[in-house]
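In the numbering used here, the protein residues as written are 48 to 281. Contents: one structure, followed by commentary.
Here it is, written out as structure tokens:
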């Protein structure tokens, strides 16, 4: 679909967690961490009163720290751990920058760029943001926690087509091993992906195999650790 002229030409729109939201998340994690450490201190003092309880050594070591140093230390350490955890959570979230000429995905300090002329449509599929090419191929499918309405406004504001759901949703079907509807090469790739789906931290391998399947004119998406596929509508 050809993009219309729009007043945002030359500008870009970033969809990411606002600064106050990032600070709030870090503070919440910090308070939770401090609370957990304070409870751990209280539990250690209780455990030393029970001779039959396990972990007597660590409990006595913690309880031997004089007050108020023990309480202050527990709160400071817990708060610091919580703040670090909150920062890591925000750092791993996807931010999206949209302009008339390109779309930029940024996560963990690394960016992927997509030419605007290659993008036919964008939409959210559950918690994932999907970019479709003009041959109905998926240029990207990324986990994204950003607000759906903000994403829609960013894309449409720069002239891109936005759909409220996957327009090809009804075409997907569950992958069944050895199904006669797929060639042997595709089955081999699906089997490899199925193994990686069971392993945490295999996002890169899954993405590489997704691209390999797309070279066979097949689009794949994962739902509840199961693979669904459709053919490109070229």
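Virtual Cβ for every residue (Gly too), placed ideally from N, Cα, C.
Practice prompt. Within the same chain, show all residues whose beta-carbon is closer than 8 Å to that of residue 234, passing over the 5 residues directly before and after it, in chain order.
Written response: 224, 225, 226
Assuming contact is defined by CB atoms lying nearer than 9 Å, are residue 212 and residue 269 in contact in what I supplied? no
Quick one: Cα of residue 180 to Cα of residue 210, how far?
13 Å
task: Measure the C-alpha to C-alpha separation of residue 261 and residue 255 and round it to an integer number of angstroms.
output: 10 Å
- Assign residue 93 to one of three DSSP states: helix, strand, or coil. helix
Check: In angstroms, rounded to a whole number, what distance separates the CA positions of residue 163 and residue 58?
Finding: 13 Å
Q) Under the three-state reduction of DSSP, which class applies to residue 183: helix, strand or coil? A) coil
Just confirm the distance between the C-beta atoms of residue 177 and residue 167, as a whole number of angstroms; I'd bet it's less than 8 Å.
Going by Cβ atoms, the distance from residue 177 to residue 167 rounds to 11 Å, so no, they are not a contact pair.
ask   = Apart from the five residues just before and just after residue 100, which ones in its own chain have a Cβ nearer than 6 Å to its Cβ?
value = 94
- Reduced DSSP category for residue 170 - H, G, I as helix; E, B as strand; rest coil: strand
- Query: Who does residue 265 pair with in a DSSP beta bridge?
  - Reply: 278
Practice item. Compare the C-alpha of residue 62 against each of 108, 151, 91 and name the closest. Key: 151
For residue 157 versus residue 175, is the C-beta distance shorter than 9 Å? no
If the criterion is Cβ atoms closer than 9 Å, does the pair residue 277 and residue 265 meet it?
yes
Do you know how far the Cα of residue 192 is from the Cα of residue 200? 15 Å
* To do: Output the distance between the C-alpha atoms of residue 170 and residue 208, rounded to the nearest integer angstrom.
  => 9 Å
Check whether residue 244 and residue 220 have beta carbons under 9 Å apart:
no
**Message:** Residues in the same chain with beta-carbon distance under 8 Å from residue 105, minus the five sequence neighbours each way, listed in chain order, please.
**Reply:** 91
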